[in-house]
Each structure stands twice: as structure tokens, then as C-alpha cells.
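K.L.:
So the sequence shown is numbered by this note's numbering: it starts at 15 and just counts up by one. Glycine included, C-beta positions come from ideal geometry on N, C-alpha and C. Please find one structure pasted underneath; my questions will follow.
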Amino acid sequence: MTIVQRIKEAIEVGRPKETEKLIKQALSENVKPSVMLEEAMIPAMRSAGEYYRNNDGDIPRILAAARSMRKGLDILEPYIETEGGKPLATIVLGTVKGDLHDMGKNLVAIMFRSAGFKVIDLGVDVSEKEFLKAVRKNPDVSLVCISSLLTTAMPEMRHVVKTFRESKDLAHIKIMVGGGSVDQEFADDIGADAYTETAVDAAEKAKTFFV
Ligand code: B12
Numbered sequence: 015m016t017i018v019q020r021i022k023e024a025i026e027v028g029r030p031k032e033t034e035k036l037i038k039q040a041l042s043e044n045v046k047p048s049v050m051l052e053e054a055m056i057p058a059m060r061s062a063g064e065y066y067r068n069n070d071g072d073i074p075r076i077l078a079a080a081r082s083m084r085k086g087l088d089i090l091e092p093y094i095e096t097e098g099g100k101p102l103a104t105i106v107l108g109t110v111k112g113d114l115h116d117m118g119k120n121l122v123a124i125m126f127r128s129a130g131f132k133v134i135d136l137g138v139d140v141s142e143k144e145f146l147k148a149v150r151k152n153p154d155v156s157l158v159c160i161s162s163l164l165t166t167a168m169p170e171m172r173h174v175v176k177t178f179r180e181s182k183d184l185a186h187i188k189i190m191v192g193g194g195s196v197d198q199e200f201a202d203d204i205g206a207d208a209y210t211e212t213a214v215d216a217a218e219k220a221k222t223f224f225v
């Protein structure tokens, strides 16, 4: 098994310490952080999600997988290369109010950073007021990314987008939505500018707004 495959497995089965050790080893062997992300971490989180779907009760394992992922992202983050110099654009990102899921959002953050964007991550359970405040406080912001995994949080997402659309001073702001509970149809219905299924596609799509 290659080291990248071993990282994937350590995350899937939920071994944070082993994940940390293997990633550090891979870095010392000059394995690219982007390869670790694309070939180990993202597929591992996908299959952990699948596992949960089929094994509803096994929350400890899925949380251990989440902790392993978090650990891995923390180590890799300083190594993720940005294009240097001026960021492509500044984005505000958060999981919508009522929703505490953050793994997908964290992947979105890391993908945007590695694509050369500056990311202001507001965390989880972010209210419409907090999104507005962050954008008004940072005049460089041109894109807001909202994540939601719960169907119960979808009305809140609709509400955030509506408030932005009704605020004349924020007419220049693009809004991108995503997460397990969202699809293209819902994104169109609430008036978002874009939706993508994955974090990798999200950063690619955002580039088309600014390049
Ligand atoms: C891990 C997990 C948890 C963990 C969260 C840990 C954490 N720190 O995030 C814990 C155990 C805490 C949890 C709690 C709950 N969960 Co939960 N959880 C999951 C699980 C298994 C995986 C989610 C995940 O992280 N996936 C991996 C990431 C990488 O994928 P992702 O988030 O979809 O993100 C990708 C894309 O969607 C996209 N993306 C994400 N955000 C954005 C944003 C933008 C702008 C864009 C463009 C793209 C994008 O990029 C990512 C990578 O490509 C899912 C099941 C599943 N298979 O999805 C259930 C799931 C989301 N949970 C569910 C539920 C119901 C709950 C609880 C209500 C359970 C309960 N009864 O308490 C609570 C809610 C707590 C709350 N208020 O938020 C349901 C939601 C059902 C629904 N349709 O509403 C799911 C679908 C499980 C199920 N099958 O029932 N959960």
C-alpha cells in the first residue's frame, strides 16, 4: 500500500494519531499536499459518509473519521500553496444557522485557499446577520459561500440569499451554495449565483467569476 492509500485508510477507520504521523511522513517524503487532499482525504471523507449512510448507529466511528480529517487538514493547511501575491478574490464562508456540520465547509475553505483565494471562515451555525456583518466589515469580499447539510436548515439558506438580494449596497456580491441538502434546482430557486456538488468544483467555478 502506498503512503497516500495508508492516509486514506487511517482517516476512514478514524485514527487521528496515525493520520498525523503518516501525513508528516508523506511531507518529509515530498508527497504533494494537493495529492494527499485529492487522493486520500477527500475520497476518505466520501467513503466515511457512505459508511454512515449504511451504518446509522456508528456515530463514534464517523466522529473519529471527522477528527482524523480535521487533524490532517490542520497539518496540511500551511503547506497548501497559494499563487502568492494578491488573492484572486476574498470570500466569506460559513455553514448556515441551525447546522453544525463543518467537514464539507472545511474542504471548501482549503480548496479555495489552494486556488489562490483569501477565505474568511465564519464557522458553523452562522446567522444571516453574521454573514452580512462580515461582508460589510470586509469591503474586499466579492463572494459568499454557504454550506448546508440539513434539510431543516434550507429555509435559513433561502433567507440569507434573499436578504443579500434585498440589500442594495451588496448587489455586487456573488453567492454560491452547496452541501448535501442542496442541489442545482434549489440553488436556482433561491436565486444563488452558483451551486456545485464538490469542493474542488466550487473553487473552479468561482475562478470563472473573477478571472
Ligand atoms: C459527519 C456527520 C455528522 C457529524 C458532524 C461532524 C462535523 N464536525 O461536521 C455529527 C455526528 C455531529 C452529525 C450530527 C447530525 N447530523 Co449528520 N451527518 C454526518 C455525515 C455522516 C457526513 C457529513 C460529512 O461530513 N460528509 C463529508 C463532507 C466532505 O461532505 P459534504 O459536507 O457533503 O461536503 C461536500 C459537498 O457537499 C461540498 N460542499 C459542502 N459545503 C459546500 C458549500 C458550498 C458553497 C459548495 C459550493 C460546496 C459545498 O463540498 C464537500 C466536498 O466535496 C452525513 C451523512 C452523509 N453521508 O453525508 C450526516 C447527515 C448530514 N446528518 C444528518 C443528521 C440528521 C444529523 C443530526 C440532526 C442527527 C441528530 N439526530 O442529532 C445532527 C445535526 C446536528 C446539527 N445541528 O447540525 C442527516 C441529514 C439529513 C437531512 N437531509 O437533513 C445526514 C444526511 C445523515 C442521514 N443520512 O440521515 N452529523
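Going by the CB atoms, is the gap between Ala208 and Lys219 shorter than 8 Å?
P.N.:
Going by C-beta atoms, Lys219 is nearer than 8 Å to Ala208.
K.L.:
Looking at Asp113 and ligand 1, is the gap between the Cβ and the nearest heavy atom below 7 Å?
P.N.:
Flag set: Cβ of Asp113 near ligand 1.
K.L.:
Can you tell me which of the three DSSP states Met15 falls into?
P.N.:
Reduced to three states, the DSSP call for Met15 is coil.
K.L.:
Does the Cβ of Met15 have 16 or more other Cβ atoms within 10 Å, making it buried, or fewer, making it exposed?
P.N.:
That one is exposed.
K.L.:
What distance in whole Å lies between the Cβ atoms of Glu170 and Val225, which are believed to be in contact at a cut-off of 8 Å?
P.N.:
With a Cβ gap of about 31 Å, Val225 and Glu170 do not count as contacting.
K.L.:
Confirm the yes/no value for this check: CB of Asp116, any heavy atom of ligand 1, distance under 7 Å.
P.N.:
Yes, the beta carbon of Asp116 sits closer than 7 Å to at least one heavy atom of ligand 1.
K.L.:
Between which two residues does the alpha helix (DSSP H) containing Asp202 stretch?
P.N.:
First-last of the alpha helix (DSSP H) with Asp202: 198-204.
K.L.:
Quick one: does the C-beta of Ala80 sit closer than 7 Å to a heavy atom of ligand 1?
P.N.:
At least one heavy atom of ligand 1 is nearer than 7 Å to the Cβ of Ala80, so yes.
K.L.:
What I want to know is whether the C-beta of Thr165 ends up closer than 7 Å to one or more non-hydrogen atoms of ligand 1.
P.N.:
At least one heavy atom of ligand 1 is nearer than 7 Å to the Cβ of Thr165, so yes.
K.L.:
From Met59 to Asp154, what does the alpha carbon distance come to, in whole angstroms?
P.N.:
Those two C-alpha atoms are separated by around 32 Å.
K.L.:
Can you list, in chain order, the residues of its chain with a C-beta nearer than 8 Å to that of Ser195? Leave out the 5 residues immediately preceding and following it.
P.N.:
Within the same chain, Ser195 has close Cβ partners Ser162, Leu163, Leu164, Thr165, Ala167, Met168.
K.L.:
Cβ of Met125 within 8 Å of Cβ of Ala185?
P.N.:
Taking 8 Å as the Cβ cut-off, Met125 and Ala185 do not qualify as a contacting pair.
K.L.:
Leaving out the 5 sequence neighbours to the left and right, which residues in its chain are closer than 7 Å to Leu41 when beta-carbon positions are compared?
P.N.:
Correct list, in chain order: Tyr93.
K.L.:
Assign Thr33 to one of two classes, buried (16 or more other C-beta atoms within 10 Å of its C-beta) or exposed (fewer than that).
P.N.:
Buried is the call here.
K.L.:
Would you list the one or two residues that DSSP bridges to Thr104?
P.N.:
In the DSSP output, where bridge partners are listed per residue, Thr104 has Lys132, Val155.
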